[in-house]
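Each residue of the sequence shown is one higher than the one before, starting from 16 at the first, in our numbering.
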Amino acid sequence: MTTLIAFQPNNTASPPFQTNFTLDGASYSGTAWWNIAGQRWYLSLTDQSGNNIWTGALIGSPIGFDIPLAPGIFSASTLIYRADTGNFEQTP
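The structure is reproduced here in structure tokens:
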């Protein structure tokens with residue numbers, strides 16, 4: 016089952032976007048921010064203890080092709096950002 020989470024950043028909030036993901040049965044906090052030098056969004060995943068698990072560019076997957084975020088970190092779950100729909104897709 017795939018869970019969709021809308022990516023709706025708010026530029027007046029700090030951070031502009033934050034949500035929780037459930038990956039491999041554990042809860043992770045996802046925080047996105049705009050990097051002015053890179054001219055793109057970045058995403059950071061932290062565990063419930065505040066440990067950084069992964070940080071990287073928010074790369075959008077086109078319809079019909081998946082580009083996983085945090086590749087190799089999770090054994091059963093995947094997280095992608097679908098640029099065309101503006102949603103994160105979290106599986107399972």
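Idealized CB from N, CA, C, for every residue including glycine.
Would residue i be called buried (16 or more neighbouring beta carbons within 10 Å of its own) or exposed?
i, result
"F80", "exposed"
"Q23", "exposed"
"A91", "exposed"
"A72", "exposed"
"A85", "buried"
"L19", "exposed"
"I82", "exposed"
Could you check whether residue j and residue i sit closer than 8 Å to each other, using their CB atoms as the reference points?
i, j, result
"T46", "Q63", "no"
"N50", "Y57", "yes"
"S76", "R55", "no"
Which ranges does the beta strand (DSSP E) cover as unbroken runs of at least 3 residues, wholly within the stretch 18–104, from first to last along the chain? 18–21, 32–38, 41–50, 55–61, 67–72, 93–97
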